[in-house]
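Engineer: Each step along the sequence shown adds one to the number in the working numbering, with nothing skipped, and position 109 is 102.
I have a structure here, written as structure tokens, and I will follow up with some questions on it.
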Amino acid sequence: MELNIQNLVDVLAKSTAPEREVYRHEAEDQLKKWEVVPGYHYLLQSIYLDTSLSLQIRWISVICFKNGVEKYWRQSRKNCVSKDEKLEIRKRLFNLIEEPNNQLTIQNAHAIAKICRFDFPVEWPSLFEDLDFFLQSSAKQKEIVGLHNLLIILNQIIKTLASVRIGRTRSALQSKSEFIMSVLVKFYVEFFQSWTKEFDVAVMEVGYICLKNLRRIIVEGFEYPHRDQSVCDFFKISLKHYQMLIIEHENNSVELLEKYIKCYSKLYSNLINSNPTAFILLPSSEEILLSNLSLLESKAEIVYNSDDENDFWEQLAIRSFLMLKKALNYTFKKGATVLKQKNDRAEIDKSLELLKTKIFKQEIVVRLFNLIMTWYLKLRPTDLESWSVEPEEWVNESLNTSWEYQVRPCAENVFQDLVLYFKDHLKNFLLNQISDRLSLANSGQSLKDILEKDSVFCAFQLSSSSISDEIDFNNLLTNLFIPAGMRNDITENRIIRRRVCLIVTEWIGMNCSRESRINIYKYLLVCLDPADKINDKVVKQTAVAALRYVIDDWDFNKTDFDPYLTKFVSLLINLVPELSLTECVLFVLRVLSVIIQQTSPLANQEVLFGVMSIVPQMWENSNNANDMILKGDLLRLLEHLTNSLNDASVGSYPISLPLITTCCDDKSEYYALLSEDGYNLWSALLKNFPEEAMTNLPDELIRDFEIIIQGLLNSTEILNVILSIIRSYALIDYRLFNNNENNKGLEIFRTLSGYLSNMRDDSLSIFVSIIEILVLENRKAQNSTLLLSNLVESGLFNAMVEYGLGDVQNPYNSVKVLLVLLRIAHFYPQQFPLMLEAINSSFQGANGETDSNRFFQYFLDECLSKYSSITEQRNKKIFFLGILSLFQPTNNDEKRGIVLAQFSSILHKLTQFLEEVNESINGDCEIYHKGYNYEDYEYFLNSENQVDGGTLHDNKMNGERKRYDSMLKNIDPVHTENLKSYTSKVLIGLKDELGGNKFEMLLSGVDASTLDQLKLLIG
């Protein structure tokens, strides 16, 4: 179809036709084809400018025009708009400034702003001068609509240009800021005076758009706004207007008036947040901050009784608190976060002095402190209503919502800063205030008294970092807070019960004694008791939150918690069905998970299986797409239960095993969202599979091994978890890797060969342990050479050699890989040199073919050079077992010569090592029991008898540790082969092979002291 204006109008009309979907799709396809045709965007602009066309057609055209500018205006884009077409489009950008439809104007403004982002300042240096011309022209002709639309366009341009952080655009904008400022201030003052004399909504709207532009250009357009006289002058004007309109609002609360006041407030707030030094050094800053404080005082009761969170005064109060908080933080962090250049330091010091002497004087600090305590810490009527009507939503919001968006949490945050920063001045005053107000509140039992008492308790809660050294919290907890929270004579006491839970969350880490913690456990049990009439959902959820803080604390003592463990778990399980909000259910599940983690191994099987019993039904009920988070938490809960159950985790298999396939098979609908948690559960199940049940490995676990390759290919971000699963299978049944039918081992090795060079340290450690385990376990296999052929055929052996010999970032990692290669050399001394020959080395001989002997020498030299990087004694023994194996007889005389050439050096290092260790007759030594490749093994050893508060817990080893332990004791030559005997055997073999004379000549190359010491050591 030919591109012309009529065809384009027809296609645009069809693209919006709801009755014929097929036509709409055809039209959309045609528009996509035309996007790259020259003249398309010019025609779109023409359609928008044609007011004779329908509003709908013009709307679609301006949307397409805006999107096209984004895609094709930049010169570097393929099929970009030509320079000539751009020029013609720019000429007509302001042809329809009298557009009466506000939405069309806004979309056009977005399109113009995008053009400016690409063309200013290079292609369109006169942008702001052009805008000024149109503004002045509209003003002369008193075209209010045109002025309004031009100011909307200007606002969008400033916003867009200010967002550009790279290139010349932002600096070019700043160079024009003073010019823009003068134009805007002139219009603003003129229109403000006009509408305040004769109330005219249209004029008032234009003045408001002027103010929005000024708000943006002052914050974004000036690096040092306080140094510009026009900005200083405008701030003086704006403050007068701000104060005047707040007073006027008492008589006339029209929406546009509120917009003005909010815009002034945003200007002050945005500037102090982006450039606090500049704000404070502006001549009106002191009066602005004090005006906001006065507003907080005068409107406190209105804000307190407001029933709308979007209430005008509440929003102003929040912004006022945020400004005061920013000033507080700036003062006591000494402007460190805003220092850009050295010469800024003097201005920062000046601004700090102004804040300390003018704003945060003692009397003003006390004034703000009293204000917050009196009005803003108290629960408001709207809080109590939400508590009763939507308890779950309210408590979830109060525990999780960001404090910046609600007035009470915002005031609490400012209060915390006050008592922290003015600790020396306020601590005694605070304690006296708490005492006095508490005495008054305790005199009655009305709702007002309880709310007053709650606010006093709140002040105490928020002051933990300031007064903890001044008071005996344990005494207050026992004699004041817990008794107050235990009262249930009237329903309103639930307010105090909740508050005591919140006090616990803040104070648990502040000198809380062991006895107090036990009292807290008892108190929280009371708060969760369903038989207590005042324990509603809010109290219970807050108690659950407090419980999490208590058990997740550094000083948590699981022995002290043990007597209450079963009861807590039971109460939490029973709480779950009461809750309907997913977030609340999630929170309880997470606390259950933390309890299980923190109290392991104290929880008995009955308790753990009781927790597990809630999983199936919850899994079935969470089928909504939004419930995937809940399913993820259920998987994590099962993981923690599995770890706590240890050998008894086989009882969880009816629930857990089906979920592995459900979550970890890439064909499953849950794979994308739940595979990570599924893999963690899978790993836990394998690690805790009992050693005693090895002969009864469930078929499901064997079948699941088939899908681990999918995880290896698709989930590289959690490669360490996938590798842990593979390692667990290697320990459970190494034959899974040597199966000739499907040879999954080859497939896994081939994938790992591509990953090795870029593996993170944690993944590399697990990888090394996998290969080590397979090498050790395959010693007892009849077809053990299949492992070797798989390693070579997959390219993994090649990758390991390259990694071990290469210059990697962490030399310790290359040593780890080399040691595994030397393990192979020790067990397969005849095959190992052949494996080295099989890899595609970069070493070439004179005839251009690979010189395997030269490469063998390089391998040996690198191994010996890296010996100094080996720190653990068990790893040194692995090194010598592997190196000595290379002395085995071979048909390749050149390779034999390469090894014998290093005989003296090897014997010297070996003798030094033998002097350092004292092996048993079987080859074991105490010092060999650390430095394992299995990263968790030493943790297992150290935590087998865990001390907790003076109590010894027997942490029963899991199945994986038993399997690894058994392998080391029974198969690993580090623990089963005496190195002295092995050295003697190698030397005798050399003597027999070389003959007496040649052997003596070989020994003559070794220094006498080394030989004497070696003879003494091996006899």
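Each residue gets a CB set at the ideal place from its N, CA and C atoms; glycine is no exception.
Pull up the distance between the alpha-carbon of Ser277 and that of Leu207, whole angstroms please.
Structural biologist: On the sequence shown, position 284 is the one that residue 277 refers to. On the sequence shown, position 214 is the one that residue 207 refers to. Answer to the nearest angstrom: the Cα atoms are 16 Å apart.
Engineer: Where does Tyr201 fall in DSSP's three states?
Structural biologist: For this step, residue 201 is matched to residue 208 along the sequence shown. Here Tyr201 sits in helix by DSSP.
Engineer: How should Asn791 be labelled, buried or exposed, when 16 other C-beta atoms within 10 angstroms of its C-beta is the threshold for buried?
Structural biologist: Translated into the one-based positions of the sequence shown, residue 791 becomes position 798. Asn791 is buried by the Cβ-count criterion.
Engineer: Kindly indicate the opening and closing residues of the alpha helix (DSSP H) around Asp958.
Structural biologist: Along the sequence shown, read from residue 1 onward, the residue named residue 958 stands at position 965. 952 to 963 is the span of the alpha helix (DSSP H), which, as asked, contains Asp958.
Engineer: Buried or exposed for Met994, going by 16 or more other Cβ atoms inside 10 Å?
Structural biologist: The sequence position of residue 994 within the sequence shown is 1001, counting from 1. Answer is exposed; the Cβ neighbour count stays below 16.
Engineer: Under three-state DSSP, which class holds Asn266?
Structural biologist: Sequence index remark: in the sequence shown, residue 266 carries index 273 (1-based). Three-state DSSP puts Asn266 in a helix.
Engineer: So the candidates are Cys203, Gly160, His819; which of them puts its Cα closest to the Cα of Leu177?
Structural biologist: Taking the first residue of the sequence shown as 1, we reach residue 177 at position 184. Leu177 has its Cα closest to that of Cys203, out of Cys203, Gly160, His819.
Engineer: Please state whether DSSP places Gly788 in a helix, a strand or coil.
Structural biologist: Locating residue 788 in the sequence shown gives position 795, counting from the first residue. The answer is coil: DSSP assigns Gly788 none of H, G, I, E or B.
Engineer: Using only alpha-carbon positions, find the residue among Thr709, Leu781, Leu729 that is nearest to Arg753.
Structural biologist: Stepping through the sequence shown from its first residue, residue 753 is reached at position 760. The shortest Cα separation from Arg753 among Thr709, Leu781, Leu729 belongs to Thr709.
Engineer: Considering only the alpha carbon of each residue, which of Cys57, Ser187, Lys624 lies closest to Pro609?
Structural biologist: Start at 1 with the first residue of the sequence shown, and residue 609 comes out as number 616. Checking every option, the nearest Cα to that of Pro609 belongs to Lys624.
Engineer: I'd like the span of the alpha helix (DSSP H) that includes Tyr748, first residue to last.
Structural biologist: Taking the sequence shown and counting its residues from 1, one reaches residue 748 at position 755. Note, Tyr748: alpha helix (DSSP H), 737 to 748.
Engineer: Do Phe849 and Ile891 count as a contact pair if the criterion is CB distance below 9 Å?
Structural biologist: For this step, residue 891 is matched to residue 898 along the sequence shown. For this step, residue 849 is matched to residue 856 along the sequence shown. The answer is yes: Cβ separation under 9 Å.
Engineer: Taking the Cβ atom as the reference point for each residue, do Leu565 and Leu595 lie within a distance shorter than 9 Å?
Structural biologist: For the purposes of this step, residue 565 is taken as the residue at position 572 of the sequence shown. For the purposes of this step, residue 595 is taken as the residue at position 602 of the sequence shown. No.
Engineer: By a C-beta neighbour count over all protein chains shown, 10 Å radius and 16 as the cutoff for buried, is Trp547 buried or exposed?
Structural biologist: If you number the sequence shown from 1, residue 547 lands on position 554. Label assigned to Trp547: exposed.
Engineer: Does DSSP put Met(-6) in a helix, in a strand, or in coil?
Structural biologist: What you label residue -6 is simply residue 1 of the sequence shown in a count that begins at 1. Reduced to three states, the DSSP call for Met(-6) is coil.
Engineer: Measuring CB to CB, does Lys870 end up less than 9 Å from Leu779?
Structural biologist: Locating residue 870 in the sequence shown gives position 877, counting from the first residue. Locating residue 779 in the sequence shown gives position 786, counting from the first residue. In this structure, Leu779 does not lie closer than 9 Å to Lys870 by Cβ.
Engineer: Which of the three DSSP states, helix, strand or coil, is assigned to Ser428?
Structural biologist: Residue numbering aside, residue 428 sits at position 435 when the sequence shown is read from its first letter. In the structure shown, Ser428 sits in a helix (DSSP, three-state: H, G or I).
Engineer: Among the candidates Met503, Val604, Asp553, whose CA atom is the shortest distance from the CA of Leu638?
Structural biologist: For the purposes of this step, residue 638 is taken as residue 645 along the sequence shown, with counting starting at 1. Comparing Cα-Cα distances from Leu638 to each of Met503, Val604, Asp553, the minimum goes to Val604.
Engineer: Is it the case that the Cβ atoms of Leu283 and Ile352 are separated by a distance below 9 Å?
Structural biologist: Locating residue 283 in the sequence shown gives position 290, where the first residue counts as 1. Locating residue 352 in the sequence shown gives position 359, where the first residue counts as 1. A contact, by the Cβ cut-off of 9 Å.
Engineer: Given this structure, state the Cα-to-Cα distance separating Leu745 from Thr498, to the nearest angstrom.
Structural biologist: Within the sequence shown, residue 745 is the residue found at index 752, counting from 1. Within the sequence shown, residue 498 is the residue found at index 505, counting from 1. The alpha-carbon atoms of Leu745 and Thr498 are separated by roughly 47 Å.
Engineer: Exposed or buried, what is Arg70 when buried is set at 16 or more other beta-carbons lying within 10 Å of its beta-carbon?
Structural biologist: The sequence position of residue 70 within the sequence shown is 77, counting from 1. Exposed is the call here.
Engineer: Please classify Ser835 as buried or exposed, where buried requires at least 16 other C-beta atoms within 10 Å of its C-beta.
Structural biologist: For the purposes of this step, residue 835 is taken as residue 842 along the sequence shown, with counting starting at 1. Any reading at Ser835 is ruled out, since the residue's pLDDT is 46, under 50, leaving its predicted position unreliable.
Engineer: Residues in the same chain with beta-carbon distance under 7 Å from Thr1003, minus the five sequence neighbours each way, listed in chain order, please.
Structural biologist: Looking up residue 1003 in the sequence shown gives position 1010. Contacts found: Leu900, His901, Thr904.
Engineer: What is the DSSP secondary structure of Glu463, reduced to helix, strand or coil?
Structural biologist: On the sequence shown, position 470 is the one that residue 463 refers to. In the structure shown, Glu463 sits in coil (DSSP, three-state: anything other than H, G, I, E or B).
Engineer: Tyr516 and Phe561 - do their beta-carbons sit closer together than 9 Å?
Structural biologist: Here the question's residue 561 lines up with position 568 in the sequence shown. Here the question's residue 516 lines up with position 523 in the sequence shown. No, the Cβ-Cβ distance between Phe561 and Tyr516 is not below 9 Å.
Engineer: Within 10 Å of its beta-carbon, does Glu937 have 16 or more other beta-carbons around it, so buried, or fewer, so exposed?
Structural biologist: Numbered from its first residue, the sequence shown carries residue 937 at position 944. Any reading at Glu937 is ruled out, since the residue's pLDDT is 46, under 50, leaving its predicted position unreliable.
Engineer: Spell out whether any CB of chain B is found under 9 Å from the CB atom of His819.
Structural biologist: As a matter of chain content, chain B is missing from the structure shown, which is built from one protein chain.
Engineer: Mind reading off the beta-carbon distance from Glu92 to Asn142? Whole number of angstroms is fine, and I expect it under 8 Å.
Structural biologist: On the sequence shown, position 99 is the one that residue 92 refers to. On the sequence shown, position 149 is the one that residue 142 refers to. Yes, Glu92 and Asn142 are in contact; Cβ-Cβ is about 6 Å, under 8 Å.
Engineer: Suppose you measure from the CA of Lys446 to the CA of Leu364; what does that come to, to the nearest Å?
Structural biologist: For the purposes of this step, residue 446 is taken as residue 453 along the sequence shown, with counting starting at 1. For the purposes of this step, residue 364 is taken as residue 371 along the sequence shown, with counting starting at 1. C-alpha separation (whole angstroms): 16 Å.
Engineer: Taking Cβ to Cβ, would you say Asn614 is nearer than 9 Å to Thr559?
Structural biologist: Here residue 614 is taken as the residue at index 621 of the sequence shown, counted from 1. Here residue 559 is taken as the residue at index 566 of the sequence shown, counted from 1. For Asn614 and Thr559, no; Cβs fall outside 9 Å.
Engineer: Please list, in chain order, all residues of the same chain as Phe466 whose beta carbon is under 8 Å from its beta carbon, the five residues on each side excluded.
Structural biologist: Your numbering for residue 466 matches position 473 in the sequence shown. Once the five neighbours on either side are set aside, the close Cβ partners of Phe466 are Trp500, Met503, Asn504, Cys505, Ser509.
Engineer: Going by C-alpha to C-alpha distance, which of Leu877, Glu14, Ile817, Leu811 sits closest to Glu855?
Structural biologist: What you label residue 855 is simply residue 862 of the sequence shown in a count that begins at 1. Ranking Leu877, Glu14, Ile817, Leu811 by Cα distance to Glu855 puts Leu811 first.
Engineer: What would DSSP say about Ser606, mapped onto helix, strand or coil?
Structural biologist: Residue mapping note: residue 606 aligns to position 613 of the sequence shown, counting from 1. Correct three-state label for Ser606: coil.
Engineer: Report buried or exposed for Ser959, applying the criterion of at least 16 other Cβ atoms within 10 angstroms of its Cβ.
Structural biologist: In the sequence shown, counting from the first residue as 1, residue 959 sits at position 966. Counting Cβ neighbours within 10 Å, Ser959 comes out exposed, since fewer than 16 surround it.
Engineer: Tell me whether Glu993 counts as near the ligand MG, meaning its Cβ is closer than 8 Å to at least one heavy atom of that ligand.
Structural biologist: Annotation note on the ligand MG: not contained in the displayed structure, which lists no ligands.
Engineer: What is the DSSP secondary structure of Asn504, reduced to helix, strand or coil?
Structural biologist: On the sequence shown, residue 504 is found 511 positions in, with the first residue counted as 1. Asn504 falls in the coil class under three-state DSSP.
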